[in-house]
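So the structure is just underneath, and the comments pick up after that.
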Amino acid sequence: MRLKDKVAIITGGARGIGKEAGLLFLREGARVVVADFDGSAGEALEKEIRELGGEGYFYQVDVTDRNQTQAMVDNVMERFGRVDILINNAGITRDGILTKLNQEEWNQVIAVNLTGVFNCTQAVVQVMVSQGYGRVINASSVVGLYGNYGQTNYAATKAGVIGMTKSWAKELGRKGITVNAVAPGFIVTDMTTKVPEKILKIMQEKTPVGRLGQPQDVAQAYLFLASDEASYINGAILNVDGGLVL
Ligand SMILES: NC(=O)c1ccc[n+]([C@@H]2O[C@H](COP(=O)([O-])OP(=O)(O)OC[C@H]3O[C@@H](n4cnc5c(N)ncnc54)[C@H](O)[C@@H]3O)[C@@H](O)[C@H]2O)c1
99 MRLKDKVAII TGGARGIGKE AGLLFLREGA RVVVADFDGS AGEALEKEIR
149 ELGGEGYFYQ VDVTDRNQTQ AMVDNVMERF GRVDILINNA GITRDGILTK
199 LNQEEWNQVI AVNLTGVFNC TQAVVQVMVS QGYGRVINAS SVVGLYGNYG
249 QTNYAATKAG VIGMTKSWAK ELGRKGITVN AVAPGFIVTD MTTKVPEKIL
299 KIMQEKTPVG RLGQPQDVAQ AYLFLASDEA SYINGAILNV DGGLVL
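Each residue of the sequence shown is one higher than the one before, starting from 99 at the first, in my numbering.
This is the structure in structure tokens:
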């Protein structure tokens, strides 16, 4: 029970890595708010949480909309009276090489992956400051550290997340709030289902531990950074990639 009675908001929590993290956090004693755009996946997960006897609920939110992210935090305060953990996990891809990438694809990825992280953190941070306690964990990517063919927009946002993480770690550390990021490598979720089998095989061969990542690999990293064991870790970027980008 490493998160006993903690209240955690997990954005993009209805599917993939976020869903796995929510279920893990519940097992560790947290009250979990599944904050996601996707109504049907979110409602299905809320039902699953209830069946497991966990304390948590689904809140439908578009992280790109500041009014909605503020309303989400107000709602969590009404329901649970505090917010201990924010996992900025919602993210999208709209891939294309530089010469083909259009304005819409650029704007959408910036709005979710970068502005969404800013919106959610700004809405939560006053609560955390008044509590004198908080854990913010941001989903970056190895692509933000090393770049990737066809991912100008995505790489820009994931590098931007690292910049925000380090800035907030400096601003908020004295207020009892730590801010860290994870940089996953290749994780098998809906986000990566379009990748051809041939590329998956190459990725697996290139990964020193000899397998692709699973959502629980990243969920465990979120759990560690959210736990009290990580209280002296602040401004860190934790690669979760099986050694892919050493
Ligand atoms: N899967 C990977 O290989 C991988 C690698 C590195 C980093 N990441 C990052 O990890 C995070 C989770 O990725 P995943 O693979 O689980 O993705 P996913 O596509 O399985 O899930 C993302 C979730 O975010 C939600 N979402 C999208 N736009 C939203 C919005 N505007 N408001 C609220 N919710 C929104 C979706 O509905 C979905 O439930 C993302 O930030 C992603 O960039 C993933």
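We treat Cβ as the ideally placed atom computed from N, Cα and C, and that holds for glycine.
Check: Would SER138 be called buried (16 or more neighbouring beta carbons within 10 Å of its own) or exposed?
Finding: exposed
Margin query: On the criterion of 16 or more Cβ atoms from any shown chain inside 10 Å, does VAL293 qualify as buried, or is it exposed?
Written below: Under this definition VAL293 is an exposed residue.
Notebook entry, point to check: Do you know whose CA, among LYS198, LEU184, GLY311, lies nearest THR219's CA?
Noted result: LEU184
Next item on the list: Starting from ASN187, follow the alpha helix (DSSP H) in both directions and report where the run begins and ends.
Entry: Per DSSP, ASN187 belongs to no alpha helix (DSSP H) and is neither H nor E.
Notebook entry, point to check: Just to confirm, does MET262 get its C-beta within under 8 Å of one of the non-hydrogen atoms of ligand 1?
Noted result: no
Notebook entry, point to check: How big is the Cα-Cα spacing for GLY283 and SER228?
Noted result: 35 Å
Notebook entry, point to check: Any idea if GLY271 is buried or exposed, counting beta-carbon neighbours within 10 angstroms, 16 or more meaning buried?
Noted result: exposed
Check: On the premise that SER238 lies in contact with ALA267, defined as a C-beta separation below 8 Å, what is that separation, rounded to the nearest angstrom?
Finding: With a Cβ gap of about 13 Å, ALA267 and SER238 do not count as contacting.
Next item on the list: Check whether the Cβ atoms of LEU122 and GLU146 sit closer than 9 Å, and answer yes or no.
Entry: For LEU122 and GLU146, no; Cβs fall outside 9 Å.
Check: Which residues mark the beginning and the end of the alpha helix (DSSP H) in which ASP315 is found?
Finding: Secondary structure note for ASP315: its alpha helix (DSSP H) is the uninterrupted segment 313 to 324.
Item checked: Range of the contiguous beta strand (DSSP E) that encloses ASP134 -> 129 to 134
Checklist line | 3-residue-minimum beta strand (DSSP E) runs that sit fully inside the segment 259 to 294, ordered along the chain | finding: 275 to 282
Margin query: Taking 8 Å as the cut-off, does the segment 332 to 342 touch the segment 307 to 314 (at least 3 CB pairs, one atom from each stretch)?
Written below: yes
Check: Mapping DSSP to helix, strand and coil, what is ALA334?
Finding: coil
Next item on the list: State the CB to CB distance for the pair THR162 and VAL222, rounded to an integer number of angstroms; the pair is presumed to be in contact (CB under 8 Å).
Entry: Their Cβ separation, rounded to whole angstroms, is 16 Å, which puts THR162 and VAL222 out of contact at 8 Å.
Next item on the list: Tell me, please, whether the segment 243 to 256 touches the segment 292 to 306 by the rule of three or more beta-carbon pairs shorter than 8 Å.
Entry: no
Item checked: Span of the beta strand (DSSP E), counted from its first residue to its last, around ALA200 -> First, the amino acid is wrong: residue 200 is Asn here, not Ala. Counting along the chain, ASN200 falls outside any beta strand (DSSP E), and DSSP gives it neither H nor E.
Checklist line | For VAL159, the nearest candidate out of GLU149, ASP315, VAL174 (CA to CA) | finding: VAL174
Check: Any heavy atom of ligand 1 closer than 8 Å to the Cβ of ILE190?
Finding: yes
Check: Does the Cβ of ASP182 have 16 or more other Cβ atoms within 10 Å, making it buried, or fewer, making it exposed?
Finding: buried
Check: Can you tell me whether DSSP reads TYR252 as helix, strand or coil?
Finding: helix
Next item on the list: Would you mind reading off the limits of the alpha helix (DSSP H) that contains TYR244?
Entry: 240 to 244
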